[in-house]
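For the sequence shown, the tail end lands on 502 under the numbering used here, and the numbers increase by one without skipping. Since the structure comes first, as structure tokens, the remarks are kept for the end.
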Amino acid sequence: MNVKACIFDLDGVIVDTAVYHFKSWKRLADELGINFTLHDNERLKGVSRMRSLEIVLEIGHQTKTEAEKQELATRKNEWYTEMISKMKPDEVLPGAREFLQQVKNAGIKTALGSASKNAGTILEKTGLIPFFDAIVDGNHVATAKPDPEVFLKGAEALKIEPANCVVFEDAIAGVEAALAGGMKVIGIGSGEILNKADLVVSGLDKMNIDKLNSL
Numbered sequence: 288m289n290v291k292a293c294i295f296d297l298d299g300v301i302v303d304t305a306v307y308h309f310k311s312w313k314r315l316a317d318e319l320g321i322n323f324t325l326h327d328n329e330r331l332k333g334v335s336r337m338r339s340l341e342i343v344l345e346i347g348h349q350t351k352t353e354a355e356k357q358e359l360a361t362r363k364n365e366w367y368t369e370m371i372s373k374m375k376p377d378e379v380l381p382g383a384r385e386f387l388q389q390v391k392n393a394g395i396k397t398a399l400g401s402a403s404k405n406a407g408t409i410l411e412k413t414g415l416i417p418f419f420d421a422i423v424d425g426n427h428v429a430t431a432k433p434d435p436e437v438f439l440k441g442a443e444a445l446k447i448e449p450a451n452c453v454v455f456e457d458a459i460a461g462v463e464a465a466l467a468g469g470m471k472v473i474g475i476g477s478g479e480i481l482n483k484a485d486l487v488v489s490g491l492d493k494m495n496i497d498k499l500n501s502l
């Protein structure tokens, strides 16, 4: 295909902040007297903050008022933000910086398409902002994946047709969002789980421009 743009999800593709999410949700759950495990945490991947909180409360069979939920979500995010504010450039996943450089060298445009409202901070702390022509994050979208909004806005910001865009995603909801937006998608992770993707690799360290153009 004629690849003109690559749109990258952030978490699990370029960096892995899952451990920080887990630690902050775990801290909140502990305060609420809820037993929250790494296995439970899998259910929160690629899910919005408020929906994640709902899941944590469901696990603990607890109900809260809307005002209480807002307060809990804010508290969790403050802990998470504090942790990511200390991130360093060496926390970029293997091969991510190198592949982003290859893409730039090939004259292909790049955008970030992430549900995270903290994406800008993470890119700044890891030194990746110069690699992106556009950043679309949780502050710019109203609907969560699998709705394609975040990726369509990325394509729009780059002024590239969706059919000429390739999305990199590690979550099923993200793969579905890319396909719903009329884009090709490369899954990062397990081929068994991400079987709807056009191609699956274990990480960006296994990607190159030839593989990109072979889609």
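By construction, the Cβ of each residue, glycine as well, lies at the ideal position given by its N, Cα and C atoms. Bear in mind that the values here come from a model prediction, so they are computed numbers and not experimental data.
**Report entry** Three-way DSSP call (helix, strand, coil) for aspartate 497 in this model
**Finding:** For the purposes of this step, residue 497 is identified with residue 210 of the sequence shown, where counting begins at 1. DSSP places aspartate 497 within a helical segment (H, G or I) once states are collapsed to three.
Query raised in the report: Taking all protein chains shown into account, do 16 or more other C-beta atoms lie within 10 angstroms of the C-beta of isoleucine 473, making it buried, or fewer, making it exposed?
Result: As a first step, residue 473 is located in the sequence shown; it is residue number 186 there, counting from the start. Answer is buried; the Cβ neighbour count reaches 16.
Query - Boundaries (first-last residue) of the alpha helix (DSSP H) holding phenylalanine 295 - result: Taking the sequence shown and counting its residues from 1, the one referred to as residue 295 is at position 8. According to the DSSP assignment, phenylalanine 295 belongs to no alpha helix (DSSP H) but to the beta strand (DSSP E) extending over 292–295.
Requested in this report: With distances taken Cα to Cα, identify the nearest neighbour of lysine 396 among Gly407, Glu378, Val453.
Outcome: For this step, residue 396 is matched to residue 109 along the sequence shown. The residue among Gly407, Glu378, Val453 with its C-alpha nearest the C-alpha of lysine 396 is Val453.
Requested in this report: Alpha carbon to alpha carbon, how far is leucine 502 from aspartate 492? Give it in angstroms, no decimals.
Outcome: As a first step, residue 492 is located in the sequence shown; it is residue number 205 there, counting from the start. As a first step, residue 502 is located in the sequence shown; it is residue number 215 there, counting from the start. Across the structure, aspartate 492 and leucine 502 are spaced so that their CA atoms are roughly 18 angstroms apart.
Requested in this report: Could you tell me whether the Cβ atoms of isoleucine 287 and alanine 383 are closer together than 7 angstroms?
Outcome: Because the chain is modelled from 288 through 502, residue 287 falls outside the range shown and cannot be assessed.
Query raised in the report: Rounded to a whole number of angstroms, what is the C-alpha to C-alpha distance between asparagine 364 and isoleucine 459?
Result: Here residue 364 is taken as the residue at index 77 of the sequence shown, counted from 1. Here residue 459 is taken as the residue at index 172 of the sequence shown, counted from 1. Cα to Cα, the separation comes out at about 24 angstroms.
Requested in this report: Return the bridge partner residues of threonine 397 from the DSSP annotation.
Outcome: As a first step, residue 397 is located in the sequence shown; it is residue number 110 there, counting from the start. DSSP links threonine 397 through a beta bridge to Cys293.
Query raised in the report: Straight-line CA distance for glycine 407 to methionine 288?
Result: Walking along the sequence shown from the start, residue 407 turns up at place 120. Walking along the sequence shown from the start, residue 288 turns up at place 1. Using only the alpha carbons, I get a separation of about 30 angstroms.
**Report entry** Cβ pair isoleucine 422, leucine 399 closer than 7 angstroms
**Finding:** As a first step, residue 422 must be located in the sequence shown, where it is residue number 135. As a first step, residue 399 must be located in the sequence shown, where it is residue number 112. Between isoleucine 422 and leucine 399, the C-beta gap is smaller than 7 angstroms, which places the two residues in contact.
Query raised in the report: Considering only C-alpha positions, which residue in the set Pro435, Asp497, Leu410, Asp434 is nearest to aspartate 298?
Result: What you label residue 298 is simply residue 11 of the sequence shown in a count that begins at 1. Closest by C-alpha distance to aspartate 298, out of Pro435, Asp497, Leu410, Asp434, is Leu410.
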